[in-house]
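Below you'll find the structure, written out as structure tokens, and then a few comments.
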Amino acid sequence: MAIVIDALDLVRNKKRLPREAFFVDTNILVDFIDPFSRSTTDPRLAARNVELAEVIHPLKSWGSKSLSTASVALEYYKYIQVGFYKIETGKDRLDTEDFKRLRDGDLDFMTRWDHQLKVFKRLFSKTFPLLDVTLTLADVLSTFEGSKVDFGDHLLFKATLASDPKLRCVFSNDADFYSFSGEIYLLTTNRRVIAKAASESKLLKA
Amino acid sequence: MRTIRVVDYLGTPCLLAPEKGETLAAELKIELQAQNHIQVDFSGYEFLSSAFLNHAFGQLCIDLNWDTKTFRQRVLITNMEEDDLEDLELAIDNAQTRRGLILRGENPDQYYSSRLPT
Chain A
229 MAIVIDALDL
239 VRNKKRLPRE
249 AFFVDTNILV
259 DFIDPFSRST
269 TDPRLAARNV
279 ELAEVIHPLK
289 SWGSKSLSTA
299 SVALEYYKYI
309 QVGFYKIETG
319 KDRLDTEDFK
329 RLRDGDLDFM
339 TRWDHQLKVF
349 KRLFSKTFPL
359 LDVTLTLADV
369 LSTFEGSKVD
379 FGDHLLFKAT
389 LASDPKLRCV
399 FSNDADFYSF
409 SGEIYLLTTN
419 RRVIAKAASE
429 SKLLKA
Chain B
3 MRTIRVVDYL
13 GTPCLLAPEK
23 GETLAAELKI
33 ELQAQNHIQV
43 DFSGYEFLSS
53 AFLNHAFGQL
63 CIDLNWDTKT
73 FRQRVLITNM
83 EEDDLEDLEL
93 AIDNAQTRRG
103 LILRGENPDQ
113 YYSSRLPT
């Protein structure tokens, strides 16, 4: 089971992250970047956005490496592609052929999509650079319990475990990471996970 | 052209809370009634959030019914880091989408909720 770190407590009390880096999960990226500006009118999403900025900016400025994996990049890309298409067209689902037609021929669509891609590329090259991690695919599949966890979370967990022990920390607000068995730290702002970890003596103390 | 120095005006280099963005937007609206152009200087800031940008500049475009071109013509942003300028570009794009929805009589929150996971 992961050792949980209360992310807000860590930065507000200027404590040290016990690892040199953290890997971000897709839910953190979506809330931190807010690619469709939902925080404009949704106070709950605005609070999540501010909370994550309050954690990520100081950690990076204090020298922690912020990393991502190819599976997270793919999940984020699909999120913005599907969301962007649905918002721009008003349609209920992605029509990939129509997406390509708009991307290649509709100036407004092209310009706005280009801005999303610019942020996407910067995110995974600079803000949260992709780390090359070698996974044994047979192991990834044989250990995947699809009835319990999402495949994307499983891939991120496996990538974190396959990385240098100094880097084994995941920043996620998905409660599933708490139950993964392995020597990793789970950095989170999820109050329920933090409370559960505290009651089970799995919360990191300073 | 008048210059607003954001860090001095808001009294903090941490530009995170949406309320700070709203405060800046309110000042910009007052100034823009009196003059055509304004410079918004970000010298000395440390951190910026998307929520701040949405409330400061995205909401300004929506409230004043500005397209991207008008925003660029009337508001000059200086001393903002390149990465944050990209996030600002996204905030202005998204404000245009919201403007379009409002003009069509749609409620942006309902529209987004039915198309994006929360």
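Protein chains in written order, with the working numbering: chain A, 229 to 434; chain B, 3 to 120. Positions of the beta carbon are idealized from the N, C-alpha and C atoms, including for glycine. All values reported here derive from a predicted model rather than from experimental measurement.
Spanning the alpha carbons of Arg420/A and Phe408/A requires a straight line of approximately 16 Å.
Listed along chain B, the residues sitting closer than 7 Å to Glu282/A by beta-carbon distance are Leu18. Selection Leu34/B, Leu30/B, Ala36/B, Gly46/B evaluated against Gly13/B yields Gly46/B as nearest (Cα-Cα). In the three-state scheme derived from DSSP, where H, G and I count as helix and E and B as strand, Ala403/A is classed as coil.
Take Phe327/A, set aside five residues on each side of it, and the residues of its chain with a beta-carbon closer than 8 Å to its own are Gln309, Tyr313, in chain order. By the criterion of a C-beta distance shorter than 6 Å, Leu257/A is surrounded in its chain by Tyr304, once the five residues flanking it on both sides are discounted. Using a CB distance cut-off of 8 Å, Leu87/B does not count as an interface residue toward chain A.
Exclusion of the five residues before and after Arg7/B leaves Asp43, Ser45 as the residues of its chain whose Cβ lies within less than 7 Å of its Cβ. Closest option to Gly102/B, judged by alpha-carbon separation, among Leu26/B, His39/B, Ile32/B, Cys63/B: Cys63/B.
With its beta carbon at least 8 Å from every one in chain B, Ala301/A lies outside the interface. Of Asp89/B, Asn96/B, Phe59/B, Thr80/B, the smallest CA-CA separation from Arg266/A is found for Asn96/B. Note that the segment 421-431 of chain A touches the segment 398-413 of chain A; at least 3 beta-carbon pairs, one per stretch, sit closer than 8 Å. Here Gly107/B is exposed, its C-beta having fewer than 16 other C-beta atoms within 10 Å.
Annotated three-state conformation of Phe408/A is coil, per DSSP. Straight across, the Cα-Cα distance linking Glu248/A with Ser294/A is about 9 Å. Chain order gives no chain A residues near Leu12/B, where near means a beta carbon separation below 8 Å; the closest approach is about 14 Å. Ranked by Cα distance from Gln35/B, the first of Ser116/B, His57/B, Ala93/B, Met3/B is Met3/B. Leaving aside the five residues that flank Ala53/B on each side, the residues in its chain whose CB is nearer than 8 Å to its CB run, in chain order, Leu18, Ala19, Pro20, Gly23. In this structure, Val77/B is the residue among Gln98/B, Tyr114/B, Val77/B with its C-alpha nearest to the C-alpha of Glu29/B. Counting of Cβ neighbours within 10 angstroms places Lys354/A among the exposed residues, the total staying below 16. Taking a contact as a CB-CB distance under 8 Å, the pair Val398/A and Phe264/A does not count as one, their CB atoms being some 25 Å apart.
When the beta-carbon positions are compared, Asn401/A and Thr388/A stay at least 8 Å from each other. Counting other Cβ atoms within 10 Å of its Cβ, Leu273/A reaches 16 or more and is therefore classed as buried. In this structure, Ile261/A is the residue among Thr364/A, Ile261/A, Ile231/A with its C-alpha nearest to the C-alpha of Val278/A. Chain B places a beta carbon closer than 8 Å to that of Arg350/A, counting this residue as a contact. Straight through space, the alpha carbons of Tyr11/B and Lys319/A are spaced by roughly 43 Å. Restricting attention to Tyr307/A, Val361/A, Thr339/A, the CA atom closest to the CA of Asn255/A is found in Tyr307/A.
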